[in-house]
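If you want the numbering used here, it's the 1-based position in the sequence shown plus 144.
Positions of the beta carbon are idealized from the N, C-alpha and C atoms, including for glycine.
Worksheet: one structure, shown below.
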Amino acid sequence: MFAVQDEIAQAVVEALRIKLLPGQTPTSKGRIADPDVYNQYLLGRQFFNLGNMDGWRRAVVAYEKSLALDPGYAPAWAGLSSATYWVADSADTPKAFTDGMRQARLAADKAVQLAPALADGYVVRAFFRASYSWDWDGARADIQRALALSPEDPDVLIGYGGLLVSLGRAMEGVAVQRKVVQRDPLNARAWRALGSALLFSGQFAEAREPLNRSLEISPVQSITPLLLGTTYLSEKNPTAALAVFERSSSDMFRRFGLALAAHDLGRSDESQRALDSLIDRDADSAAFQIALVYAWRGEKDQAFQWLERAYRQHDGGLSVLKLAPILRSLRGDPRYTALLKKMNLPLD
């Protein structure tokens, strides 16, 4: 699979490259880049857009090669920040997680420092602030700056729509993401973002078309099958949900999906074995998913215990705490309101 991914990524890069004067590559990213620098940058983007751990790790390598050739190339610093975040998000140890997140933040800051008139750094820093620091004011400020600089950029709009969803403004997020897929219909991340916004707005059936479109464009993703399976689970179709969960390229997400779907299928022992596996193997990186399983099964005390652990661990899943459909059983509980307050999320 890795060789095939390499071939696809390189083919896309070659298709994107433009015939240039010697030594010049117009990047639309603020300045001229050396062709080798830009080639590695494009490879990084293509690997990142695969949407799975192997792609993110390969993106880190490509961005680092770009920066080794030109340490001042801000777009590569922004890309490195995003890829490093997602690699760290599944780190095996708390130290690896913390170190990775620190590196992701430093890379985002470096992108802004090098090119303050370029939107890229602000977008990735906004994502970091929302997903790790829960600094909503800072995230809003960065997104507003990015929008002012590049109001039509797909990455900017995807980030803006995602922030709206995190803040509970899902329908506004849907409207933003629709604009992106209209302008960039081959962007798997854009279709996933639209499907995610529809899912979090409670439009489960409507979410399936964009999520399926995302998987058609990039079939090896880890997160999109999780979102698609949740649409079926939310409409009481655990058989379909399980079939989709099994398509995830992430072993952890497959076991998470099994814990959810097996419960609804009446296979309680199988659900518990899958949950026990998550706790034994992934407690440091999947506290939010463990909380979701407990919440879906109606075990509220355990759900809140794991949500608190997710909070202590800065689990990025908490960025969708406000609207996650799998948490709907918790919404009337005062502990849920208290957690929203602690995260400085809107209560209405």
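Give me the residue from the options with the minimum Cα distance to residue i.
i, options, result
"threonine 228", "Phe271, Leu371, Arg441 and Pro260", "Phe271"
"methionine 396", "Ala387, Ile423, Asp408 and Thr383", "Ile423"
"valine 437", "Tyr455, Leu474, Ala252 and Ala387", "Leu474"
"serine 392", "Ser225, Trp450, Leu355 and Val204", "Leu355"
"arginine 269", "Arg284, Ala252 and Gln257", "Ala252"
"alanine 132", "Phe192, Ser340, Thr242 and Leu371", "This structure leaves residue 132 out entirely; the chain is present only between 145 and 492."
"glutamine 321", "Ser366, Asp426 and Ser340", "Ser340"
"aspartate 214", "Asp420, Gln184 and Leu489", "Gln184"
"leucine 262", "Ala435, Arg202, Ala292 and Ser210", "Ala292"
"leucine 439", "Phe400, Gly460 and Val364", "The sequence shown places alanine at residue 439, not leucine. When each option's Cα is compared against that of alanine 439, the closest is Phe400."
"glycine 108", "Ala203, Gly306 and Val325", "Lying outside 145 to 492, the shown extent of the chain, residue 108 is not represented and no answer is given."
"aspartate 408", "Val181, Thr374 and Trp230", "Thr374"
"aspartate 178", "Ala212, Asn196 and Leu467", "Ala212"
"alanine 454", "Pro478, Lys466 and Ser429", "Ser429"
"phenylalanine 348", "Tyr376, Ser362, Arg284 and Ala285", "Tyr376"
"methionine 315", "Ala290, Gly346, Arg289 and Gly199", "Gly346"
"aspartate 459", "Met487, Arg441, Ala385 and Pro478", "Met487"
"arginine 472", "Phe448, Arg425, Ala240 and Leu402", "Phe448"
"glutamate 208", "Ser412, Asp264, Leu258 and Leu224", "Leu224"
"lysine 444", "Asp233, Ala405, Arg398 and Pro478", "Pro478"
"glutamine 457", "Ser210, Tyr182 and Asp233", "Asp233"
Measuring only the C-alpha atoms, how far is residue i from residue j?
i, j, result
"proline 298", "arginine 246", "26 Å"
"isoleucine 287", "proline 295", "10 Å"
"proline 238", "glycine 244", "10 Å"
"glutamate 390", "glutamate 414", "15 Å"
"alanine 235", "glycine 188", "20 Å"
"tyrosine 480", "aspartate 180", "50 Å"
"alanine 220", "glutamine 446", "42 Å"
"leucine 371", "alanine 218", "32 Å"
"alanine 351", "valine 388", "14 Å"
"arginine 201", "glycine 312", "31 Å"
"tryptophan 278", "aspartate 420", "29 Å"
"leucine 186", "glycine 476", "47 Å"
"proline 329", "glutamate 360", "12 Å"
"alanine 431", "tyrosine 276", "14 Å"
"alanine 427", "isoleucine 434", "8 Å"
"alanine 255", "tyrosine 266", "8 Å"
"asparagine 381", "leucine 451", "26 Å"
"glutamate 104", "glycine 410", "Because the chain spans 145 through 492 in this model, residue 104 falls outside it and cannot be assessed."
"tyrosine 304", "arginine 249", "19 Å"
"leucine 386", "proline 363", "17 Å"
"glycine 195", "glutamine 416", "28 Å"
"serine 394", "aspartate 198", "10 Å"
"alanine 285", "alanine 406", "43 Å"
"glutamate 332", "glutamine 190", "The residue you asked about is not glutamate; residue 332 is alanine in the sequence shown. Between alanine 332 and glutamine 190, the C-alpha separation is close to 11 Å."
"serine 412", "alanine 384", "18 Å"
"arginine 327", "phenylalanine 241", "35 Å"
"leucine 258", "glycine 442", "49 Å"
"leucine 404", "alanine 319", "30 Å"
Check the DSSP bridge columns for residue i and list the partner residues they point to.
i, result
"alanine 314", "In DSSP, alanine 314 forms no bridge with anything."
Considering just the uninterrupted stretch of the alpha helix (DSSP H) at residue i, what are its terminal residues?
i, result
"lysine 254", "238-258"
"tyrosine 266", "263-272"
"tyrosine 438", "431-440"
"serine 226", "218-233"
"alanine 416", "It is worth fixing the name first, because residue 416 is glutamine in this sequence and not alanine. 412-426 is the span of the alpha helix (DSSP H), which, as asked, contains glutamine 416."
"methionine 396", "395-408"
"valine 205", "197-213"
"valine 388", "382-389"
"lysine 283", "At residue 283 the sequence reads alanine, which differs from the lysine that was named. First-last of the alpha helix (DSSP H) with alanine 283: 280-293."
"lysine 444", "444-456"
"isoleucine 470", "Neither: isoleucine 470 is in no alpha helix (DSSP H) and is coded neither H nor E."
"proline 478", "478-486"
"serine 340", "332-344"
"glycine 373", "368-378"
"proline 363", "Premise fails: proline 363 is in no alpha helix (DSSP H) and is neither H nor E."
Return the Cβ separation of residue i and residue j in integer angstroms, given the expectation that the two are a contact with Cβ distance under 8 Å.
i, j, result
"arginine 336", "serine 366", "The pair is not a contact, with the Cβ atoms about 11 Å apart (cut-off 8 Å)."
"leucine 484", "leucine 491", "6 Å"
"proline 260", "leucine 343", "About 35 Å; that fails the 8 Å criterion."
"valine 324", "leucine 301", "5 Å"
"alanine 283", "alanine 274", "4 Å"
"leucine 465", "leucine 489", "7 Å"
"valine 231", "valine 205", "At roughly 11 Å, the Cβ-Cβ gap does not stay under 8 Å, so valine 231 and valine 205 are not in contact."
"serine 226", "serine 463", "In fact, because the Cβ distance is near 15 Å, the residues do not count as touching under 8 Å."
Going by the C-beta, is residue i closer than 8 Å to any heavy atom of the ligand MG?
i, result
"serine 378", "What this structure holds is no ligand at all, so the ligand MG is not there to describe."
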